[in-house]
Structure formats: C-alpha cells, structure tokens
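Just so you know, the protein sequences line up as chains E and Z, in that order.
In short: position in the first sequence from 1, add 13, done, that's the working numbering.
In short: position in the second sequence from 1, add 13, done, that's the working numbering.
Protein chains: 2
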Amino acid sequence: MAGNLNGSMFVAGTAVAGAGEVFRAVDPATGTELEPAYAAASAAQLAEAAEAARIAFPAFRRTAPEVRADLLRAIADGLDAEPDLVDRVRAETGILPERVAAERTRTSNQLRLFADVVTEGSYLGLRIDRGNPARVPLPKPDLRHRFIPLGPVAVFGASNFPLAFSVAGGDTAAALAAGCPVVVKAHEAHPGTSEIVGRIITDAVAGLGLPPGTFSLIAGHTPELAVALVTHPAIQAVGFTGSRRAGLALTAAAQRRPVPIPVFAEMASINPVLVLPGALSERGPEIGRGLIGSVLTGFGQLCTSPGLVFVPDLPDADALVEAAATAVESSGSGCMLTPRIAESFAAGVARLESVPGVRRLARAATEDDISALCTPTLFDTDLETFLEHHEELTGEVFGSVTLLVRVPGDLTEAVRNHVLPLLEGQLTATIHAEPDDHDAAAGLLDELELLAGRIVFNGWSTGLEVNDAVIHGGPFPATSAPATTSVGTRAIERFLRPVAYQNVPPALLPRELQDDTRGIWRRVDGRFTA
Amino acid sequence: MAGNLNGSMFVAGTAVAGAGEVFRAVDPATGTELEPAYAAASAAQLAEAAEAARIAFPAFRRTAPEVRADLLRAIADGLDAEPDLVDRVRAETGILPERVAAERTRTSNQLRLFADVVTEGSYLGLRIDRGNPARVPLPKPDLRHRFIPLGPVAVFGASNFPLAFSVAGGDTAAALAAGCPVVVKAHEAHPGTSEIVGRIITDAVAGLGLPPGTFSLIAGHTPELAVALVTHPAIQAVGFTGSRRAGLALTAAAQRRPVPIPVFAEMASINPVLVLPGALSERGPEIGRGLIGSVLTGFGQLCTSPGLVFVPDLPDADALVEAAATAVESSGSGCMLTPRIAESFAAGVARLESVPGVRRLARAATEDDISALCTPTLFDTDLETFLEHHEELTGEVFGSVTLLVRVPGDLTEAVRNHVLPLLEGQLTATIHAEPDDHDAAAGLLDELELLAGRIVFNGWSTGLEVNDAVIHGGPFPATSAPATTSVGTRAIERFLRPVAYQNVPPALLPRELQDDTRGIWRRVDGRFTA
Numbered sequence: 014m015a016g017n018l019n020g021s022m023f024v025a026g027t028a029v030a031g032a033g034e035v036f037r038a039v040d041p042a043t044g045t046e047l048e049p050a051y052a053a054a055s056a057a058q059l060a061e062a063a064e065a066a067r068i069a070f071p072a073f074r075r076t077a078p079e080v081r082a083d084l085l086r087a088i089a090d091g092l093d094a095e096p097d098l099v100d101r102v103r104a105e106t107g108i109l110p111e112r113v114a115a116e117r118t119r120t121s122n123q124l125r126l127f128a129d130v131v132t133e134g135s136y137l138g139l140r141i142d143r144g145n146p147a148r149v150p151l152p153k154p155d156l157r158h159r160f161i162p163l164g165p166v167a168v169f170g171a172s173n174f175p176l177a178f179s180v181a182g183g184d185t186a187a188a189l190a191a192g193c194p195v196v197v198k199a200h201e202a203h204p205g206t207s208e209i210v211g212r213i214i215t216d217a218v219a220g221l222g223l224p225p226g227t228f229s230l231i232a233g234h235t236p237e238l239a240v241a242l243v244t245h246p247a248i249q250a251v252g253f254t255g256s257r258r259a260g261l262a263l264t265a266a267a268q269r270r271p272v273p274i275p276v277f278a279e280m281a282s283i284n285p286v287l288v289l290p291g292a293l294s295e296r297g298p299e300i301g302r303g304l305i306g307s308v309l310t311g312f313g314q315l316c317t318s319p320g321l322v323f324v325p326d327l328p329d330a331d332a333l334v335e336a337a338a339t340a341v342e343s344s345g346s347g348c349m350l351t352p353r354i355a356e357s358f359a360a361g362v363a364r365l366e367s368v369p370g371v372r373r374l375a376r377a378a379t380e381d382d383i384s385a386l387c388t389p390t391l392f393d394t395d396l397e398t399f400l401e402h403h404e405e406l407t408g409e410v411f412g413s414v415t416l417l418v419r420v421p422g423d424l425t426e427a428v429r430n431h432v433l434p435l436l437e438g439q440l441t442a443t444i445h446a447e448p449d450d451h452d453a454a455a456g457l458l459d460e461l462e463l464l465a466g467r468i469v470f471n472g473w474s475t476g477l478e479v480n481d482a483v484i485h486g487g488p489f490p491a492t493s494a495p496a497t498t499s500v501g502t503r504a505i506e507r508f509l510r511p512v513a514y515q516n517v518p519p520a521l522l523p524r525e526l527q528d529d530t531r532g533i534w535r536r537v538d539g540r541f542t543a
Numbered sequence: 014m015a016g017n018l019n020g021s022m023f024v025a026g027t028a029v030a031g032a033g034e035v036f037r038a039v040d041p042a043t044g045t046e047l048e049p050a051y052a053a054a055s056a057a058q059l060a061e062a063a064e065a066a067r068i069a070f071p072a073f074r075r076t077a078p079e080v081r082a083d084l085l086r087a088i089a090d091g092l093d094a095e096p097d098l099v100d101r102v103r104a105e106t107g108i109l110p111e112r113v114a115a116e117r118t119r120t121s122n123q124l125r126l127f128a129d130v131v132t133e134g135s136y137l138g139l140r141i142d143r144g145n146p147a148r149v150p151l152p153k154p155d156l157r158h159r160f161i162p163l164g165p166v167a168v169f170g171a172s173n174f175p176l177a178f179s180v181a182g183g184d185t186a187a188a189l190a191a192g193c194p195v196v197v198k199a200h201e202a203h204p205g206t207s208e209i210v211g212r213i214i215t216d217a218v219a220g221l222g223l224p225p226g227t228f229s230l231i232a233g234h235t236p237e238l239a240v241a242l243v244t245h246p247a248i249q250a251v252g253f254t255g256s257r258r259a260g261l262a263l264t265a266a267a268q269r270r271p272v273p274i275p276v277f278a279e280m281a282s283i284n285p286v287l288v289l290p291g292a293l294s295e296r297g298p299e300i301g302r303g304l305i306g307s308v309l310t311g312f313g314q315l316c317t318s319p320g321l322v323f324v325p326d327l328p329d330a331d332a333l334v335e336a337a338a339t340a341v342e343s344s345g346s347g348c349m350l351t352p353r354i355a356e357s358f359a360a361g362v363a364r365l366e367s368v369p370g371v372r373r374l375a376r377a378a379t380e381d382d383i384s385a386l387c388t389p390t391l392f393d394t395d396l397e398t399f400l401e402h403h404e405e406l407t408g409e410v411f412g413s414v415t416l417l418v419r420v421p422g423d424l425t426e427a428v429r430n431h432v433l434p435l436l437e438g439q440l441t442a443t444i445h446a447e448p449d450d451h452d453a454a455a456g457l458l459d460e461l462e463l464l465a466g467r468i469v470f471n472g473w474s475t476g477l478e479v480n481d482a483v484i485h486g487g488p489f490p491a492t493s494a495p496a497t498t499s500v501g502t503r504a505i506e507r508f509l510r511p512v513a514y515q516n517v518p519p520a521l522l523p524r525e526l527q528d529d530t531r532g533i534w535r536r537v538d539g540r541f542t543a
C-alpha cells in the first residue's frame, strides 16, 4: 500500500517532503509503525503555504460559483474513486472497513452538498434596501448587503473522522465553498490518508486551473507548528475539531495576534440523555439496547457519544439496565484510533471506577491481541453519588463508556434543580419521552436548549444528518463559537463577513447584487424573493 | 433641570443610589460640574443587577414577540415624550440641541424598527428539513432550526451618542428584541441623561409586568467596574462602542472567563476616502465642501468621520482643496463631549502638525469661551510623506480633523500598492467616481471590501441609514467581531445562538417551528416561504 505513498505534503500544488522532524503513523491494532516516513513542515514551508494561500485569495474568491462547485465535486469524485483509501484509513486508525466506507460516502456527499450550497447562493445573505433620492429631509441611500469570504483558512484534521473531519472534511468543504483558500494541518495519526486526500485536492485544483495556493497540506505533530499556522498573518480563520486543551490553546494563540482571528473549535461534550418514566415503562429494554448501540458506534470516539444517562429509579429501570448490560457484554472490544487515545480511555474508565458509589455493570470481552484497546464499559450510580462527585463524572471520556444515573423521585425536578446547573455546554442533549411524559418533557426542553446545540427526541445523538437545519455546535466548551455550526450548510457562514454597498453604481455592484440578477434567494425591501 | 434627577441608578426596577465613589457630570462648554451627584455601583449592586437579569431571563425570553415589541415601543414613546431630555443631553455633552433632537428621533425610530423585527420574525432563522422515516438505509430525521437568545447582555453606553448608542441605544434595543435582559453600564459623562432614559425603560418594564431584572442601569467610571460586569457569570454577551483600548480590555476580560463570552466592540476607524480623477475634475469643489460638511458633523465625534482623503495631485485638486479650506475657515469652533476628549483632540492635531511635510491648510476660528474646545482643522500632505509617516498619520483622531493626501500619478495603483497595505480594518471606505472612473473604481471596490464593512459611493460615510442591509462593522480593529453589525436589523443576531430540534414531537416544538405556524419567513426543505 505504501507503494502509492511518497511521504509527501502538498505546498501550493507541489508534492514536497517536510523538512522537519520525521515521524510515522502507527497501526493502532498492532502497534507497528507504518511506511512511509513523514516529516513535519519547517517554518519556511508553513510560511510558503500560508503566503501562497494569501496570493491565491483574490483570484479564488472571485471565481464563479460554478467553478467552486466543480472543484468540490471533483474532490468528491476523486475520493469515491480512490482504490487505496479504505485500506490506508483502516491501517492508520483501526476504524472498521464498513465504517470507513460509510465515512467516505458521507465526506463526498458533504462536498457535493456544499457544491449545491455555492450554486444555490442564499448563503450570500443578499439584502437590498432600495434608495429614494426624493425622501425628505434626507435622500434615502440605496444599500445592498452580501457576505464575502474572510481569506485563507487553516483547517486542523481530526483523528476520529480521518475523512469527514480531516483533509477534505467539512471545514475544508465549507471554506472552499465560501471562496477561502485552505491550508490543512494533517493529523499526525493518519498522514498516509492525508497524503492520499491531499493529492486528490491538489489534482482537482490544478485540473480546474485554479491558483495553486488554493490548497496546501502540511504535516507536523507539535503544538508549536499548530500555533505557527494559527498566528501566520495570512491566515484569517481556523477550523478545528479535537480536544479541549488543544482547542483552547489555538483560540488563545489566535486572540494574541495583532489582528485576532476567529477559531471555530469543536471540543468536549458528554451528551446527556434523559429517560422519562413513560418512555422507561413503555420501551425500557429498547432504550437500553439503543443506548449501547450508540455508545458502541465508532467505539465511542464520536463527539456526540452519549456518556451520561439519567433514568428514573423505578422498578422498570431494571429492564433497561439489564438490556444495556447484556448489549455491552455481548459486544466485543475493539481498536481505538491511537495508542494514546486508548491510554486516555483506560485512564478515564479507571477514574470512573474509582469513584465510591459508582458500579461497573458490564464490560465487553477483552481481546488481548489489540494494541490500542477499547473495552466498552457500562457504569451506574445513584443521584447522590453523581452530585457529590460530579467533577469526576461529567468530564468527557473519549471512547465506549457510559454512566447510568438512577434518579429517585421526580426526574424532571431533580435534573432541572440539581443536575443541569452542574453541566457544561454540550453538543447534544437527548430526551426519551412518551406522550404521558410530554408535560415534563416540555419543561426540560426549555432548559436543555440553553445547554446544547441539538436536542434529540426518542433517538440517539450519534449519527448526524447533514442538511440546512442541523447544528453541530453548542455552548462552551462544546465549541469555542456557540453561534456557529461545524456541520450542515450553515457551516459556510463561519468563513464569511458582511459588506454593505451604499449608492454603488449598478455597473460596479457585485453581479449577485444587481437588480437584474435573479434566482438567488434575497431579501428586498424586507421581503424574501428569488 | 436637576429637580427631576435624583442621582439614581436602577437595579431591577428599583431606583437606588450607587454605594461607591461619587462623581458628577461636567458641562463641557463651561467646565462646571452639574448637579446632582452620582455614585458608582458597588460590587454588591452590580451583582444584584446581574443576578436579577439571570433570574429574569427564563421568563423574558419566552415572552410573546408582541410583548417585546410593546416594550420597545413604550420605551420609544417615553423618549419622545420626555420634556427634560434634550436640555440635559446638551448640558452633559455639548451637543447642539437640533442634533440632540435628531438623535432622539433616530433612537426612538430604532427601537420601533426592532419592534417590527421581533414581530416580523425572520430573525429567528427558522429552517425545517422534514424527515422521512421510510428512507433507507437509515430513516431521515425531522430537523428544525431556530435562534434563541443568549442570556443577559451587558451594554456599555458610548459618550458620543448619549441616546442612540447609550442606555436605550442600538445594543439595548437589539438585546431586548432578542429576548435578552440588559444591564447597562451608564457612560460617566452623561449620568443625568442615563438616569432619565433608565427611568423610562424601568417604567416600561414595570408597566408591561415584565420581570424587574429585564433591565438594570448601573453607574460607575472605573475600568474595574467594567471588568466586573463583563466577568460576572450571569452575563452572556457584551455590546460596546468606544475606544480601542477599552474595547480590547473588555474583550480580553471576557476571554479570560471560565466560560468565555462574545464582546461586540465597535472601536477605531479613520474611514478613508478616495477621490478619482473624473470626480475631481467634474465636481472637485463640491467634494471639498461635502467632505468638510461630513467632518464637521458632530464636530467629528462620529465613528464614521472621514479622517483621510486621497486626491490625485492634478491641477484640478486645487479647487477641491480651496473649497475645503474655505469651508473650514468659515466654520466655527465648537464644544466637544468631554474635557478629556478635547485634550485628546488637541494632542492628535498637534501630532499631525508636528509631522514634517504635513501642512495645516485651514482651521476654524477659535472661540475662547468654550471649555472643551474643538477647532476643526484641515491638513494636507504628499504621498511620500504619508507613506513615510503612516504610523502617526493613520491613527484615529476623534474630532473634526482630516488629512488630504495628494497622490502623484495613478491614484488607483498608488492606493492599491502602497496605501491599502498600511491601513487597518475600517468601518467605512468611500469612493468618489464619475463614469470615466468606473474601471479604476471597480478594482478599488474589490480591495476596499476587504478593508471595510461599508463602501460608500459619491457620498459621505457619516449618516447611517438603519435598515436590513446596512453594516456598521468591519475588520479588526473597526470591530472585535467583523462578522456582525452594531446598527441595522442584523444587529439582533449578535445576541442569538442556534438550536436544532431533532424528531421533537409536534406538540413540544417551539410554536414558531410548528407546521401550522405561518407568516414568518422560513426555509423549508431548501426553499424560503412565509
């Protein structure tokens, strides 16, 4: 497989080897190093990529929407056609082949969705308030509003979605759609996957005759390199998915710049679930099985994995708990993304286990031959223990583990008065409710929407529909920018800035703001029209 | 006049005296202190206001849109009806009575505009992607998106718009419209004006039976008090208009919080103007007079005052310069907002004057009997001097002063290659162009939209139309949040956050997201509909 890989990064259209420290990917299943070797970008190579993006920006931002759509579709087609991709992803990440295939489809579909977003055009936020030179006492000016791209965007690949949140992932798709050149810092855990995808994008950029600086991919694994990228003067915004510590470090670096820039960092979330009594009684075992199905997805290495579940301490709870425990026990252990993530997971599970009053209900069979091992584990505890030890029990443990909390008495009241004040901002919150729970659910919904970016009813938070209405975001620390989403069509808005044009002569107006342009949704004198 | 003033602030519906340090407003025309005395809020009073806002939020955010519209209209009516307002504003700020009256109208109209925004409802950003349970391989969930208010907002009154950007100004109107309680920190230069307006809002809140914590007004004049407000855990966002130093200090304080919050700070701008050769030839004297009219507006104490004007160094330039110089000389000096602002202005003018190669072309007659004196002044220089001394010449001098820069050769090329790279982000940029300038203007427009939030053609940047399409914002340091505007209907978006609802039962959905709600613009399955 390494035969197709050269250990390259791509700087403005050219495949080059990094001039910095050498590293290799590790197969997390076996712990063995993978060929070829990669080397980190030097400071000069990083600067070259950022400068090329700066130079590419004026031409790239003025490309016709159809050209950017063609670019996104060419990348999607390249991903779909690449024969070596699934194997390399699997080798570098331990993700099961069928999940890799599904992630590839999601990634290419996401690129095509953004191609549609660009050509549909409503993301431009067109607003026209027509003037009236005859108004007294002062003439009314003609004012027209649109969004323009911010400039070069730095994207940090995430370890857990080596395709969907990495080199050609959502941030890259949204930034290119917006008209922003992209410099990706490859995640050091999947450099080969990154090289494959980076070549596809580089070829697509060249194939369309776009400025070479439209895309660069640099390698590296140190915090210093990450900070150097975020603080390069050419970079105007940052997309990041990863740990809280890294996200906060990048945000702080961006704020220390002479000209601060926005960092859209999607960070930590434990994704609480509330099971109301009617739902517990009606379908407790189904909820128990569904929960574990969600927790096992991707071996829990998803931002939306449900890590904390509140269940009424009623006799019906036993069936839910039993179904969940059985599901865990009948599942297998699996391979995590990296040895370090597996270590963190084991430490997190041990930390939960060490809290007095927390019981391990079940765990999956261990498989000794996996290097970066995830052994899915189910815990439970009572509300009193949870409240007393909430600091240890509300931190995200990345991996297949979840904690059931049995709540005596009125779950709604207990959650509202005692639990929610202890929780930090979340990507998601889930309610299981039947019609006789609806009064209680309505009150909880009111509170949960202040806590999370997406509220799920009678389902699971894992599995994200990518469309106009979805939000993958939420109050801090779920993201550093709670007004935005990193998934769905609104993700493009992160890389845009509004400009108003006052009394600009019609011939000089941007084409989409001219009176005779039709077909793009716009707001004219207060009314939407296409 | 002081008979109607009690030296009060308003904490959650109650008029109280500050428990901190005592201070008085100063009449900038005479330098004399004004009665009554005011006292800064103590830490406990500040906390009481912020806590009351926190408590008010759940009920206030759920008020019907019509109720918030009624609140905004009641405040507008109260402002319009208040007999003592104009005199007190004039006494505290030196602003001419006719300008105060115009600002009052702007402020009450702005409140009424936001009342319309609330009831019109498109600010809610409704998006519905309907589900399909029959989709294979996975059912498609129903997803619905809306914006919800962030929570209590801290608003800092600005000195230069004691009504329009102060207690009941744009930030307060936008936050209340959004459903966010407001804690205003009154500007220390106009405490009496603030008391009058604070009483109007407090009465309006009480009159509608809204939670008292919906609005508080606290007094104070120290940076410590400002930081204490921004870092209070109940506060969720900050609106600020003022100096770069203060804006950056508040932004930094907000970022140091355990849960960082957004600060929407509108700061410095010098608002460059470019006069192209055709416009110079066609209407040089008119441009010269228009420029000075704009520079004299509010004695230059506007964020949008044009401080830097690039003119081709052609024989036609003399007529523009002469008209501008005559307009300055035939104007009078005037009163600035505060003695400190007058000192800064004098220092700024002296700094310009001290640059070798900068000539004072004209200044208005001095009036010795004004304490906080502004003597409007016109400078010019050549491009070479400007480029050599750009650091001294591109800083905002708050007040009626502007610098003409004579540009030899091709103005467009010189501006693009030499001037624009030296300029920081701006609120506005202005081009004067006739049809034969359009080719050059098109190229400049492309560059200026990267520099500024609003581009003005053949007019002046002062005077802001408040509507859907306007942007009062721009790249840093014009604002700390370039994706937003502090004027116009989009200002409400600053105080909102999106939430997605997945498979929420119809009866539990927010009313505006239910299928049978009509009349609000929304995006359903990709199409806008009302």
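Ideal Cβ positions, reconstructed from N, Cα and C, are used throughout, including at glycine.
These numbers come from a predicted model, not from an experiment.
Comparing the C-beta of N19 of chain Z with each C-beta of chain E, is any distance below 8 Å?
-> Interface criterion not met: the Cβ of N19 of chain Z is under 8 Å from no Cβ in chain E.
In chain order, what residues of the segment 514–525 of chain E put their CB closer than 8 Å to some CB of chain Z?
-> Residues Y514, Q515, N516, V517, P518, A520, L521.
Three-state secondary structure assigned by DSSP to G211 of chain E | G211 of chain E: helix per DSSP, three-state reduction.
Under a CB-based cut-off of 8 Å, is G466 of chain Z close to chain E?
-> Yes, its Cβ sits closer than 8 Å to a Cβ of chain E.
DSSP beta-bridge partners for P162 of chain E?
-> The partner list for P162 of chain E (beta bridge, DSSP) reads E:L509.
G532 of chain Z versus E133 of chain Z: straight-line alpha-carbon distance, rounded = Taking the straight line joining both Cα atoms gives about 8 Å.
Select from Z:R373, Z:L365, Z:C348, Z:D393 the residue whose C-alpha is nearest the C-alpha of G44 of chain Z.
-> Looking only at Z:R373, Z:L365, Z:C348, Z:D393, the smallest Cα-Cα distance to G44 of chain Z is reached by Z:C348.
What do you reckon, are the CB atoms on F127 of chain Z and I484 of chain Z nearer than 8 Å?
-> In this structure, I484 of chain Z does not lie closer than 8 Å to F127 of chain Z by Cβ.
When DSSP labels each residue in this structure, what does L526 of chain E get in the three-state scheme?
-> In the three-state reduction of the DSSP assignment, L526 of chain E falls in the helix class, which pools H, G and I.
Based on the DSSP output, what are the partners of V29 of chain E in its beta bridges?
-> According to DSSP, which records beta bridges pairwise, V29 of chain E is partnered with E:M22.
Distance CB(N471 of chain Z)-CB(A446 of chain Z) smaller than 8 Å = Closer than 8 Å, so yes.
Around the Cβ of G220 of chain E, are there at least 16 other Cβ atoms within 10 angstroms (buried) or fewer (exposed)?
-> It counts as exposed.
Applying the criterion that 16 or more other CB atoms from any shown protein chain within 10 Å of the CB defines a buried residue, is G205 of chain Z buried or exposed?
-> Burial call: buried.
Straight-line CA distance for V24 of chain Z to P41 of chain Z?
-> V24 of chain Z and P41 of chain Z have their alpha carbons spaced roughly 29 Å apart.
For the alpha helix (DSSP H) that E295 of chain Z lies in, which residues bound it at each end?
-> 290–309 is the extent of the alpha helix (DSSP H) around E295 of chain Z.
Within 8 Å, strictly: CB atoms of P154 of chain E and E478 of chain Z | In this structure, P154 of chain E lies near E478 of chain Z, with their beta-carbon atoms less than 8 Å apart.
8 Å contact criterion, which R544 of chain Z and I161 of chain Z should meet: CB distance rounded | Since the first and last residues shown for chain Z are 14 and 543, residue 544 of chain Z lies out of range.
Is T27 of chain Z buried or exposed, if buried means 16 or more other CB atoms sit within 10 Å of its CB?
-> Under this definition T27 of chain Z is an exposed residue.
Three or more C-beta pairs below 8 Å linking the segment 113–121 of chain Z and the segment 166–184 of chain Z | As far as the Cβ criterion goes, the segment 113–121 of chain Z touches the segment 166–184 of chain Z, which means the pair count is three or higher.
N17 of chain Z, DSSP secondary structure in three states = Here DSSP, grouped into helix, strand and coil, assigns N17 of chain Z to helix.
Looking only at C-alpha atoms, which of Z:P49, Z:V29, Z:G31, Z:A30 sits nearest to R37 of chain Z?
-> Considering only alpha carbons, the answer is Z:P49.
E478 of chain E: contacting residues in chain Z (beta-carbon distance under 7 Å) | The answer, in chain order, is K153, P154, L156.
Could you give the C-beta distance for R157 of chain Z and A520 of chain Z, rounded to a whole number, given that I count them as a contact under 8 Å?
-> Not confirmed; about 13 Å, so no contact.
So is E405 of chain E in contact with chain Z if we call contact Cβ pairs under 8 Å?
-> It does not; no Cβ of chain Z falls within 8 Å.
Could you check if M14 of chain E is buried or exposed, using at least 16 other CB atoms within 10 Å of its CB as the buried criterion?
-> Since pLDDT at M14 of chain E reaches only 44, below the 50 mark, its modelled position is unreliable, and no value is offered.
Which residue's Cα is closest to the Cα of A247 of chain E: E:T475, E:A167, E:E342?
-> Per the Cα distances, E:A167.
Can you give the Cα-Cα distance for V362 of chain E and G422 of chain E, rounded to whole angstroms?
-> Straight across, the Cα-Cα distance linking V362 of chain E with G422 of chain E is about 28 Å.
Below-8 Å beta-carbon distance, M14 of chain E vs any chain Z residue | Residue confidence for M14 of chain E is low, a pLDDT of 44 falling below 50, so the modelled location carries little weight; the figure read from the coordinates is stated next. Chain Z places no beta carbon closer than 8 Å to that of M14 of chain E, leaving this residue out of the contacts.
When you compare only the Cα positions, how much space is there between E405 of chain E and L440 of chain E?
-> Near 19 Å, if we compare the C-alpha coordinates of L440 of chain E and E405 of chain E.
Which residues in chain E sit within 7 Å of R510 of chain Z, going by Cβ to Cβ distance?
-> What R510 of chain Z touches in chain E: P495, A496.
Would a check of beta-carbon distances place L458 of chain E closer than 8 Å to chain Z?
-> Output row for L458 of chain E: interface = yes.
Where are the alpha helix (DSSP H) runs, 4 residues long or more, that stay fully inside the segment 380–414 of chain E, in chain order?
-> 396–401, 403–406, all fully within the segment 380–414 of chain E.
Where DSSP assigns a beta bridge to C316 of chain E, which residues make up the other side?
-> When beta bridges are read from the DSSP output, C316 of chain E appears opposite no residue.
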